[in-house]
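Order-wise, the sequence lines are chains A and B.
First residue of the first sequence? That's 0 in numbering that gives the first Met the number 0, and the numbers climb one at a time after it.
First residue of the second sequence? That's 0 in numbering that gives the first Met the number 0, and the numbers climb one at a time after it.
Here a beta-carbon is modelled for each residue, glycine too, at the ideal position from N, C-alpha and C.
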Amino acid sequence: MAHRYRGGVSVVELRGAVALLGRFPALAGVNLSVDAGETVLIQGPNGAGKTTLLRLCAGLLRPAGGEVVVLGHDLTAERRAVRRRVALLGHSTGLYGDLTVAENISFWARAAGLSAPDAESRAAAAARLMGLDQRLLSRTVNALSAGQRRRTSIAALAVRRPELWLLDEPHAGLDQAGRDAVDSLISEAVAAGATVLVSSHELERVRSLSPRVVTVAAGMVVADSSRSGPATDGDGEPGGGPGA
Amino acid sequence: MGNREVVQVRELFTDARLVATRDLRIEARSRVLLNQVAPFALLVLVLFGFALDADQRTLRTFAPGLFWVAVLLAALLAVQRSTSLEHADDAHTGLRLSGMAPSSVFLGKAVAVFVQLIVLETLLTMGIVVLYGSEVDDPVLLVLTAAAAAVAVATTGTLYGALASGLGARETLLPILLLPVLAPVLIGATRSFDDALGAAAVDGWAWLGLLVVFGLVATVLGALAYGAMIED
């Protein structure tokens with residue numbers, strides 16, 4: 000087991016990482032290293048492997064090849080060890096439609112192992128951060144708009160205060176206030192020492208938060224601004240060789 | 000048992016209670032059991048009555064078997080509902096990332112289904128008394144059989160619900176996978192009810208023993224295997 004993270008070097012370390020979706024290699028030898036406290040924008044065309052990369056880092060997929068070390072744990076053998084320390088915002092909200100917003104946030108806080116008082120105080124703080132007022136908190140999720148559900152979903156992740164945020168299109172479906180709230184969340188998370196990987200097509204917005212841009216195409220990292228200057232503009236065209 | 004094991008066991012039951020409370024709260028709010036599953040089960044009892052030409056003597060004789068067929072058919076709906084809660088908006092991914100032990104999730108979901116089955120069995124018992132004219136000879140055996148069979152069905156159903164959802168077409172696959180496995184429960188519960196309702200001269204307590212063993216094995220196997228079932 001690698002413990003480089005504890006030494007303060009890297010939170011995510013992928014060397015030749017391969018991930019399969021069925022028999023299809025969604026990631027075909029990714030090399031990527033992310034240090035603690037970094038915010039990294041993952042960009043690339045649809046089907047490039049961005050979502051798979053985030054799910055792999057969350058410990059939801061078993062690496063089919065290469066080495067994947069997240070938060071000091073080799074994910075070939077220790078996927079469950081990292082899960083509680085990671086938050087993954089995917090395309091779905093992960094909410095229960097018949098529960099209220101407050102009940103959903105509180106459930107996910109308790110599921111993360113928080114005591115009832117801690118869960119309540121963190122839920123209140125996360126709801127405030129995402130602009131969920133008292134009127135919304137008492138509504139069932141089924142009665143919310145798509146944007147309000149997205150805000151609730153993000154608040155339910157924020158209560159966990161994860162060490163590693165994996166955000167897949169976090170601004171999708173949100174109004175301007177919601178987008179600003181997501182930006183605040185990312186800034187606060189990084190200020191608190193967390194690491195953030197953001198997959199997004201909203202390049203200008205995320206670039207203001209992230210000096211580092213990694214471009215993924217055809218299941219490989221084809222450009223990394225931390226190594227080769229600014230990456231390409233979201234078309235997924237290689238800005239360097241594989242793994243560059 | 001060391002301190003660490005004590006903490007793990009406490010966490011196991013705390014998380015199981017969290018999941019069970021959540022599922023039951025969702026059920027209380029959506030009322031799927033009371034508005035859809037229970038009427039369906041009572042309708043099955045009525046249809047059996049029509050099929051047997053409403054002959055009360057015949058109905059009393061076959062009431063135990065008809066009761067448990069109705070319970071199993073309704074249990075399929077309850078298990079499908081329980082499984083779909085996690086898959087409707089990909090909440091099961093959140094559960095996997097929550098750090099909760101899969102065995103906690105299994106136990107919590109099984110307890111919620113168990114409570115719903117007890118409600119269902121209570122309604123159906125009233126149904127066979129009213130519709131079929133059944134009389135309860137041994138209420139203790141009746142209650143214990145209902146509880147033991149509910150444990151067996153809830154735990155096996157929760158495990159197979161997760162298995163079927165992992166294989167894709169859960170709505171259509173679940174009955175094919177689950178009903179054959181529950182055949183011993185149907186047989187044992189029917190024989191035990193034969194005794195409790197005085198419908199046949201059998202030793203219902205021996206059949207209750209079978210149900211208890213089945214329930215224990217299903218609970219232990221389910222708690223151990225559920226983690227593998229919910230992984231992609």
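Among B:4, B:33, B:29, B:131, the one whose alpha carbon lies nearest that of residue 45 of chain B: Here residue 45 of chain B refers to the residue found at position 46 when the second sequence is read from its first residue. Nearest C-alpha to residue 45 of chain B: B:131.
Three-way DSSP call (helix, strand, coil) for residue 12 of chain A in this model: Taking the first sequence and counting its residues from 1, the one referred to as residue 12 of chain A is at position 13. In this structure, residue 12 of chain A counts as strand in the three-state DSSP scheme.
Would you tell me roughly how many angstroms separate the C-alpha atoms of residue 205 of chain B and residue 34 of chain B, rounded to the nearest one? Position 206 of the second sequence, counting from 1, holds the residue named residue 205 of chain B. Position 35 of the second sequence, counting from 1, holds the residue named residue 34 of chain B. Using only the alpha carbons, I get a separation of about 36 Å.
Unbroken stretches of the beta strand (DSSP E), 3 residues or longer, contained in the segment 95–177 of chain A: Listed in chain order, they are 163–167.
Measuring straight from C-alpha to C-alpha, what distance separates residue 196 of chain A and residue 165 of chain A? Within the first sequence, residue 196 of chain A is the residue found at index 197, counting from 1. Within the first sequence, residue 165 of chain A is the residue found at index 166, counting from 1. So the alpha carbons of these two residues sit roughly 5 Å apart.
For residue 140 of chain B, which residues in the same chain have their Cβ closer than 8 Å to its Cβ, ignoring the five residues on either side in sequence? Within the second sequence, the letter at position 141 stands for residue 140 of chain B. The residues are 191, 194, 195, 203, 204, 207.
Whose C-beta lies closer than 7 Å to the C-beta of residue 64 of chain B among residues of the same chain, with five residues either side of it excluded? Translated into positions along the second sequence, residue 64 of chain B becomes position 65. 189.
Would DSSP call residue 17 of chain A helix, strand or coil? As a first step, residue 17 of chain A is located in the first sequence; it is residue number 18 there, counting from the start. Of the three classes helix, strand and coil, the one that applies to residue 17 of chain A here is strand, per DSSP.
Report the residue ranges of all beta strand (DSSP E) runs contained in full by the segment 23–49 of chain A; include only those spanning at least 3 residues, in chain order. Counting whole runs of 3 or more residues, the segment 23–49 of chain A contains the beta strand (DSSP E) stretches 23–33, 38–42.
Checking the sheet assignment: what are the DSSP bridge partners for residue 222 of chain A? As a first step, residue 222 of chain A must be located in the first sequence, where it is residue number 223. Bridge partners of residue 222 of chain A: A:214.
In three-state terms, what does DSSP make of residue 221 of chain B? What you label residue 221 of chain B is simply residue 222 of the second sequence in a count that begins at 1. Residue state, collapsed to three classes: helix.
Take the Cβ of residue 127 of chain A as the centre, count every other Cβ of all protein chains shown within 10 Å, and call the residue buried at 16 or more, exposed below. Translated into the one-based positions of the first sequence, residue 127 of chain A becomes position 128. Residue burial is scored here from C-beta neighbours: residue 127 of chain A has fewer than 16 other C-beta atoms within 10 angstroms and is therefore classed as exposed.
Output needed in chain order: residues of the segment 163–194 of chain B with a Cβ under 7 Å from some Cβ in chain A. Taking 7 Å as the upper bound on Cβ-Cβ separation, chain A lies near no residue of the segment 163–194 of chain B.
Using C-beta distances below 6 Å, list every residue in its chain close to residue 232 of chain A, excluding the 5 sequence neighbours before and after it, in chain order. Within the first sequence, residue 232 of chain A is the residue found at index 233, counting from 1. Low confidence applies here, because residue 232 of chain A scores a pLDDT of 43, under 50, leaving its location unreliable; read the following figure in that light. Around residue 232 of chain A: no qualifying Cβ.
Would you kindly work out how many angstroms separate the C-alpha atoms of residue 101 of chain A and residue 129 of chain B, rounded to a whole number? Residue numbering aside, residue 101 of chain A sits at position 102 when the first sequence is read from its first letter. Residue numbering aside, residue 129 of chain B sits at position 130 when the second sequence is read from its first letter. In this model, residue 101 of chain A and residue 129 of chain B are separated by some 43 Å (Cα to Cα).
Mind checking if residue 93 of chain A is an interface residue toward chain B, Cβ cutoff 8 Å exclusive? Mapped onto the first sequence, residue 93 of chain A falls at position 94. Yes, because at least one Cβ of chain B sits closer than 8 Å to the Cβ of residue 93 of chain A.
Distance between residue 117 of chain A and residue 123 of chain A (C-alpha atoms, nearest Å): Position 124 of the first sequence, counting from 1, holds the residue named residue 123 of chain A. Position 118 of the first sequence, counting from 1, holds the residue named residue 117 of chain A. If you take the alpha carbons of residue 123 of chain A and residue 117 of chain A, they lie about 10 Å apart.
Of the residues that make up the segment 97–124 of chain B, which ones have a beta carbon closer than 8 Å to any beta carbon in chain A? Within the segment 97–124 of chain B, the residues whose Cβ lies closer than 8 Å to any Cβ of chain A are, in chain order, 97, 98, 99.
Kindly indicate which three-state DSSP category residue 103 of chain B falls into: helix, strand or coil? The residue labelled residue 103 of chain B in the question sits at position 104 within the second sequence. Taken through DSSP and simplified to helix, strand or coil, residue 103 of chain B comes out as helix.
Report the residue from A:64, A:33, A:31 whose alpha carbon sits nearest the alpha carbon of residue 17 of chain A. Here residue 17 of chain A refers to the residue found at position 18 when the first sequence is read from its first residue. For the residues A:64, A:33, A:31, the minimum Cα distance to residue 17 of chain A belongs to A:64.
State yes or no: is the beta carbon of residue 25 of chain B nearer than 8 Å to at least one beta carbon in chain A? For the purposes of this step, residue 25 of chain B is identified with residue 26 of the second sequence, where counting begins at 1. Taking CB atoms only, residue 25 of chain B has a neighbour in chain A less than 8 Å away.
Measuring CB to CB, does residue 73 of chain B end up less than 8 Å from residue 119 of chain B? Indexing the second sequence from 1 puts residue 73 of chain B at position 74. Indexing the second sequence from 1 puts residue 119 of chain B at position 120. Against a cut-off of 8 Å, the Cβ pair of residue 119 of chain B and residue 73 of chain B comes out as a contact.
Could you compute how far the alpha carbon of residue 229 of chain B sits from the alpha carbon of residue 93 of chain A? Counting from one through the second sequence, the residue named residue 229 of chain B turns up at place 230. Counting from one through the first sequence, the residue named residue 93 of chain A turns up at place 94. Answer to the nearest angstrom: the Cα atoms are 15 Å apart.
Give me the chain A residues within the contact set of residue 28 of chain B, using Cβ-Cβ distance strictly less than 8 Å, ordered along the chain. As a working note, residue 28 of chain B is residue 29 in the second sequence. In chain order: 97, 98, 139.
Any chain B beta carbon closer than 8 Å to residue 274 of chain A: Here chain A has residues from 0 to 243 only, and residue 274 of chain A is not among them.
For residue 91 of chain B, does the three-state DSSP call read helix, strand or coil? Here the question's residue 91 of chain B lines up with position 92 in the second sequence. Residue 91 of chain B: helix per DSSP, three-state reduction.
Members of the segment 103–134 of chain A that neighbour chain B once the beta carbon cut-off is set at 7 Å: Listed in sequence order: 106, 107, 109, 110, 111, 112.
For the alpha helix (DSSP H) containing residue 46 of chain B, list its first residue and its last residue. The residue labelled residue 46 of chain B in the question sits at position 47 within the second sequence. From DSSP, the alpha helix (DSSP H) with residue 46 of chain B extends over 37–50.
In the DSSP assignment, what residue or residues form a beta bridge with residue 232 of chain B? Residue 232 of chain B is absent from the structure shown; chain B starts at 0 and stops at 231.
Close-in-space but distant-in-sequence residues of the same chain around residue 224 of chain A (CB under 8 Å, 5 per side omitted): Here residue 224 of chain A refers to the residue found at position 225 of the first sequence. Closer than 8 Å at the Cβ level, and outside the excluded window around residue 224 of chain A, lie 210, 211, 212, 213, 230.
Whole-Å CB distance - residue 232 of chain B paired with residue 104 of chain B, under 8 Å assumed: No answer is possible for residue 232 of chain B: it lies beyond the span of chain B, which begins at 0 and ends at 231.
Step through the CB atoms of chain B and report whether any lies within less than 8 Å of the CB of residue 89 of chain A. Taking the first sequence and counting its residues from 1, the one referred to as residue 89 of chain A is at position 90. Residue contact check for residue 89 of chain A against chain B: a CB pair falls below 8 Å.
Go ahead and label residue 26 of chain A buried or exposed: buried means 16 or more other beta carbons lie within 10 angstroms of its beta carbon, across all protein chains shown. As a first step, residue 26 of chain A is located in the first sequence; it is residue number 27 there, counting from the start. Counting Cβ neighbours within 10 Å, residue 26 of chain A comes out buried, since at least 16 surround it.
Closest Cα partner of residue 76 of chain A within the set A:157, A:86, A:58, A:83: The residue given as residue 76 of chain A occupies position 77 in the first sequence. It is A:58 whose Cα lies nearest to the Cα of residue 76 of chain A.
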